[in-house]
Amino acid sequence: MTTTDLELATYPGLDERIIVIRAGDEVDCVFVVTERLNVLVDTLATPALCARALELVSAHIGDRPLITINSHMDWDHFWGNSVLDVRTPIIAHSAAIERLRDPEAKHVLSEKQAEETRFKDVEIVPPTITFSGNAMALHGGDLTLELIHTPGHTPDHVAVWIPEVRTCLAVDAVEYPIPEVWNQSPDNLRKLCASLKQIRDLHANHVVLAHGQTADPEVVAGNIEYLTKLRDAVGRVPVSSAALEGLHERSGFQLEDFVSLPADMPEDTKNFYREFHKSNLDAVAAAHLARVDFF
Ligand SMILES: [Zn+2]
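Counting in the numbering used here, the sequence shown runs from 36 upward without gaps.
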């Protein structure tokens, strides 16, 4: 995936204080202007992209302090951190610190640096403020940003709910066409479903995703329906490792058997989500084998 320049984006009816910054088809981050604070939700995949993002919204910055949120420690959402002034607070869930302590964080960086030169100056800069538990809030005056721990996609994932304008910045807790579970443990599948239901129950007018370029709240219902269908289909398979093995190769268990993909979706994007589907299917099969109900 290559990224050219960034562009500002919005959605019909989205409050103008919420500005979507789009890095091609790689990822979106969001800048929120409130009376008392400017809040940048995610810093994109490189310091250069993050610097450009701040340049694009410079007319809105004024003299309010900048607060940054890292929704989760996946490379495309926080590798721009190092370009921020060292005094800029970076807020994340405490599970983010654990992820960064894991050698995997450095491993992903060296792998990506070997693949693409644009990552050469990425430095892993950890958050400066973390919260544990389920939620914290930024009180901007006219807008409140409620940070909601929404694990399942990753253990540290945080979504942002802005109640005054009924807008949820769901980041990767909701994805179009399908979400992806962190690993195959039934516990993470349960967390993914619980986070989706929590977002559904907000009854948001806008659910802004980081991938898929949509803010349609129907995507949340679609993600829940997909996981329900997957649970039901796997639930009809006998509970034995032999019966559950290699399900992803069988007819009736392909991604397109559970969701309809847009005809104009590029083939590599379809393949990307087929990998998500395979992870989800493996997790659902593992839950079935362990006789764990994850909904
Ligand atoms: Zn992502």
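The C-beta atom is built at its ideal place from N, Cα and C for all residues, glycine as well. Remember, predicted model here, so these are calculated numbers, not experimental data.
Of the residues Ala245, Phe113, Val272, Ser220, the one placed nearest Ala83, counting alpha carbons only
Ranking the options by Cα distance to Ala83, first place goes to Phe113.
So if DSSP puts Cys21 in a beta bridge, which residue, or which two residues, is it bridged to?
Coverage of the chain is limited to positions 36 through 330, which leaves residue 21 absent and any answer about it impossible.
Assigned secondary structure, Trp196 (DSSP; H/G/I helix, E/B strand, else coil):
It is a strand residue.
Just to be sure I understand the criterion: a residue counts if its Cβ is closer than 6 Å to at least one heavy atom of ligand 1. Which residues meet that?
Any residue whose Cβ sits closer than 6 Å to a heavy atom of ligand 1 makes the list: Val62, Asp109, Asp111, His112, Asp207, Ala245, His246.
Buried or exposed: which applies to Pro297, given that a residue is buried once 16 or more other Cβ atoms fall within 10 Å of its Cβ?
Burial is judged here by how many other beta carbons sit within 10 angstroms of a residue's own beta carbon; Pro297 has fewer than 16 and is exposed.
Quick check on DSSP: helix, strand or coil for His95?
In the structure shown, His95 sits in a helix (DSSP, three-state: H, G or I).
Assigned exposure category for Gly175 - 16 Cβ within 10 Å defines buried:
Buried, since its Cβ has 16 or more Cβ neighbours within 10 Å.
With a Cβ-Cβ cutoff of 7 Å, do Ile102 and Leu72 count as a contact?
For Ile102 and Leu72, yes; Cβs fall inside 7 Å.
Along the chain, which unbroken stretches of the beta strand (DSSP E) at least 3 residues long are found entirely within the stretch 135–201?
You should have 164–166, 170–174, 179–184, 193–197.
Closest residue to Trp69 among Glu61, Arg87, Asp63, Asp50 (Cα-Cα distance):
The residue you asked about is not Trp; residue 69 is Thr in the sequence shown. Among Glu61, Arg87, Asp63, Asp50, the Cα nearest to that of Thr69 belongs to Asp50.
Quick check on the burial criterion: 16 or more other C-beta atoms within 10 angstroms. Buried or exposed for Leu316?
For Leu316, the number of other beta carbons within 10 angstroms of its own is at least 16, and it is reported as buried.
Which class does Leu244 belong to by DSSP, given the choice of helix, strand or coil?
Strand.
Express the C-alpha separation of Asp98 and Pro212 in angstroms, rounding to a whole number.
Straight-line Cα distance between these residues: approximately 39 Å.
Take Ile132 and list the residues in its own chain whose beta-carbon comes closer than 8 Å to its own, dropping the five residues that flank it on each side.
Counting only residues of its own chain and dropping the five nearest sequence neighbours on each side, Ile132 has a CB closer than 8 Å to the CB of Pro161, Pro162, Thr165.
Could you please give me the residues that DSSP links to Asn218 through a beta bridge?
Its beta-bridge partners do not exist; DSSP assigns none.
If I follow the unbroken beta strand (DSSP E) through Ile125, where does it start and stop?
Ile125: member of the beta strand (DSSP E) spanning 125–128, first to last residue.
Proximity winner among Val274, Asp63, Phe307, Pro190, relative to Gly168 (alpha-carbon distances):
When the alpha-carbon of Gly168 is set against those of Val274, Asp63, Phe307, Pro190, the nearest one is in Pro190.
Can you confirm whether the stretch 74–90 touches the stretch 152–159 when touching is taken to mean that 3 or more C-beta pairs between the two stretches lie within less than 8 Å?
Enough Cβ pairs lie closer than 8 Å, so yes.
How big is the Cα-Cα spacing for Lys313 and Gln219?
So the alpha carbons of these two residues sit roughly 10 Å apart.
Kindly identify the DSSP beta-bridge partner or partners of Glu42.
Answer by DSSP bridge pairing, in chain order: Arg57.
If we ignore side chains and look at the alpha-carbon of each, how far apart do Ser145 and Glu139 end up?
When rounded, the distance between both Cα atoms is 10 Å.
Closest by CA to Gly247, which one among Pro198, Thr123, Val319, Ala208?
In this structure, Ala208 is the residue among Pro198, Thr123, Val319, Ala208 with its C-alpha nearest to the C-alpha of Gly247.
Val209 - DSSP class collapsed to helix/strand/coil:
Val209: coil per DSSP, three-state reduction.
Answer yes or no: do Ala58 and Leu43 have a C-beta to C-beta separation smaller than 7 Å?
Their beta carbons are not under 7 Å apart, which means Ala58 does not touch Leu43 by this criterion.
Beta strand (DSSP E) segment containing Leu101, residue limits
Looking at the DSSP string, the run of the beta strand (DSSP E) that includes Leu101 is 101–104.
Outcome for Val255 when other beta-carbon atoms lying within 10 angstroms are tallied against a minimum of 16:
Classification of Val255: buried, given that the 10 Å Cβ count is 16 or more.
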